[in-house]
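Participant:
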Amino acid sequence: MLIWPLPALLTWAFAWALFVGLRVAGLGAPGAFVVALLAAGLAAWTGRTPWRRLFMLAGFPLSLLVSGAAGAVPGWIWLLPLALLLALYPLGSWGDAPLFPTPAEALNGLAEKAALPDGAVVVDAGCGLGAGLIALRRQYPRAQILGWEWSWPLTMLCALRCRLRGNVARVRRADIWAADWSGCDLVYLFQRPESMPRAVEKAAAELRPGAWLVSLEFEARSLKPTVRLETVQGKPVWLYQAPLRTR
36 MLIWPLPALL TWAFAWALFV GLRVAGLGAP GAFVVALLAA GLAAWTGRTP
86 WRRLFMLAGF PLSLLVSGAA GAVPGWIWLL PLALLLALYP LGSWGDAPLF
136 PTPAEALNGL AEKAALPDGA VVVDAGCGLG AGLIALRRQY PRAQILGWEW
186 SWPLTMLCAL RCRLRGNVAR VRRADIWAAD WSGCDLVYLF QRPESMPRAV
236 EKAAAELRPG AWLVSLEFEA RSLKPTVRLE TVQGKPVWLY QAPLRTR
């Protein structure tokens with residue numbers, strides 16, 4: 036709720052205060068740097084866009100470097116942010132969407148348009164930190180909600196979040212493009228325009244008749260939508276029921 040760039044400034048100040056405090060307490064520069072960077076990373080997840088999260092995370096290490104205080108930090112430690120980035124976004128996921136959380140109200144009304152029986156299998160393909168899973172559980176309280184995520188840190192954090200929210204979903208590390216969609220009654224995506232043709236091809240090949248492909252914001256332009264919802268302005272939800280109809 037804070038006005039930008041106040042979240043970034045507070046994150047940088049917090050990381051600096053933690054770094055200086057740990058150094059005064061006797062912790063070595065490498066250890067203090069790692070702890071402060073991790074704290075900045077946790078705060079950065081609250082950023083509303085990927086670019087804001089990047090600015091919030093990068094401010095502390097860059098300002099440390101410019102200030103000259105980085106002299107006590109060994110050179111190899113500067114590879115840590117890159118290592119963290121690669122852990123969060125493995126090379127295999129670079130063609131997919133970055134971490135965009137599903138707005139809380141974006142899927143309201145989905146169950147009315149895409150009715151599913153009790154026990155139906157609903158998958159969030161690329162579940163990130165679980166915002167989409169929580170929204171899907173509200174729509175389908177009697178369904179089997181599954182989350183697939185390729186990044187192992189995000190998989191662990193999402194699984195923990197879902198467990199703390201009352202076992203919202205079962206989350207596992209999976210490549211959404213290699214996983215089998217044939218057993219799914221609904222596959223939910225929040226991808227990017229460039230990856231939608233791939234999703235359409237996979238859905239057309241694997242989804243059984245009556246199953247649904249649901250995409251937040253990005254339309255599958257080669258298909259005729261069965262239903263279009265828009266409960267959050269600028270975030271339409273496109274529903275396509277198999278067998279998929281081309282334009």
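Using the numbering used here, the first residue of the sequence shown is number 36, and each one after it goes up by one. We put the beta carbon where it would ideally sit given N, CA and C, even for glycine. Quick caveat: nothing in here was measured; it's all calculated off a predicted structure.
Note the first and the last residue of the continuous beta strand (DSSP E) segment covering A160.
Facilitator: Here residue 160 corresponds to residue number 125 of the sequence shown, with the count starting at 1. Looking at the DSSP string, the run of the beta strand (DSSP E) that includes A160 is 156 to 160.
Participant: Would you give the residue range spanned by the alpha helix (DSSP H) that Q174 belongs to?
Facilitator: As a first step, residue 174 is located in the sequence shown; it is residue number 139 there, counting from the start. Note, Q174: alpha helix (DSSP H), 166 to 174.
Participant: Looking only at its chain, what residues have a beta carbon closer than 8 angstroms to the beta carbon of Q179, apart from the 5 residues adjacent to it on each side?
Facilitator: Residue numbering aside, residue 179 sits at position 144 when the sequence shown is read from its first letter. Non-local beta-carbon contacts of Q179 in its own chain, meaning distances under 8 angstroms to residues more than five positions away in sequence, involve G154, A155, V156, V157, R205 in chain order.
Participant: Along the chain, where does the alpha helix (DSSP H) containing R205 start, and where does it finish?
Facilitator: Indexing the sequence shown from 1 puts residue 205 at position 170. Taken as a continuous stretch (DSSP letters only), R205 belongs to no alpha helix (DSSP H), being part of the beta strand (DSSP E) at 205 to 208.
Participant: Report the rounded CA-to-CA distance for G167 versus G61, giving the unit in angstroms.
Facilitator: Walking along the sequence shown from the start, residue 167 turns up at place 132. Walking along the sequence shown from the start, residue 61 turns up at place 26. If you take the alpha carbons of G167 and G61, they lie about 43 angstroms apart.
Participant: Taking the Cβ atom as the reference point for each residue, do A75 and F95 lie within a distance shorter than 7 angstroms?
Facilitator: Here residue 75 refers to the residue found at position 40 when the sequence shown is read from its first residue. Here residue 95 refers to the residue found at position 60 when the sequence shown is read from its first residue. Yes; because the gap between Cβ atoms is below 7 angstroms, this pair is in contact.
Participant: Quick one: any contact between the region 144 to 153 and the region 264 to 275, if contact means 3 or more CB pairs under 8 angstroms?
Facilitator: Using a C-beta cut-off of 8 angstroms, the region 144 to 153 makes contact with the region 264 to 275, since at least three inter-stretch Cβ pairs fall below that distance.
Participant: Could you pull out every residue in the same chain whose Cβ sits closer than 6 angstroms to the Cβ of V203, ignoring the five residues on either side in sequence?
Facilitator: Taking the first residue of the sequence shown as position 1, residue 203 is located at position 168. L168, I169, R172, C197.
Participant: Using only CA atoms, which one of K259, K237, A194, P228 lies nearest to D215?
Facilitator: Here residue 215 is taken as the residue at index 180 of the sequence shown, counted from 1. Sorting K259, K237, A194, P228 by C-alpha distance to the C-alpha of D215 places K237 at the top.
Participant: To test your reading of the DSSP string, which unbroken beta strand (DSSP E) runs of 3 or more residues are found completely within the region 170 to 245?
Facilitator: 179 to 184, 205 to 208, 221 to 224
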